[in-house]
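Numbering (the UniProt record's numbering), first residue to last: 1 to 88.
Cβ atoms here follow ideal geometry from the backbone N, Cα and C, with glycine treated the same way.
Keep in mind that this is a model prediction, so the values were computed, not measured.
See below for the structure under consideration.
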């Protein structure tokens with residue numbers, strides 16, 4: 001079901017709430033997945049766990065640096081402010 005080298009958006013229950021994370025599969029051993037995201041340590045996810053819900057393939061590589069997001073906010077007075085998230 002899971003392909004090494006592909007990235008997926010995983011949905012799982014963490015501390016009583018749903019979490020979505022896009023991660024790259026770097027290893028598969030039965031129902032155990034070794035996962036990685038850019039700049040973070042690898043970890044193991046047990047797909048047989050009751051906390052695991054779904055995983056959907058994505059068309060980008062979760063192991064690459066994320067692109068920055070530019071947000072433009074407009075106040076009631078029409079004044080604009082820019083916010084760059086994830087930029088250097």
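The criterion of a C-beta distance shorter than 8 Å is not satisfied by residue 20 and residue 35.
In this structure, DSSP gives residue 2 a state outside helix and strand, which the three-state scheme calls coil.
Just so you know, the alpha carbons of residue 81 and residue 51 end up roughly 40 Å apart. Residue state for residue 81 is assigned as strand, using DSSP reduced to three classes.
With a cut-off of 8 Å on Cβ pairs, the segment 70 to 79 is not in contact with the segment 32 to 47, counting fewer than three such pairs.
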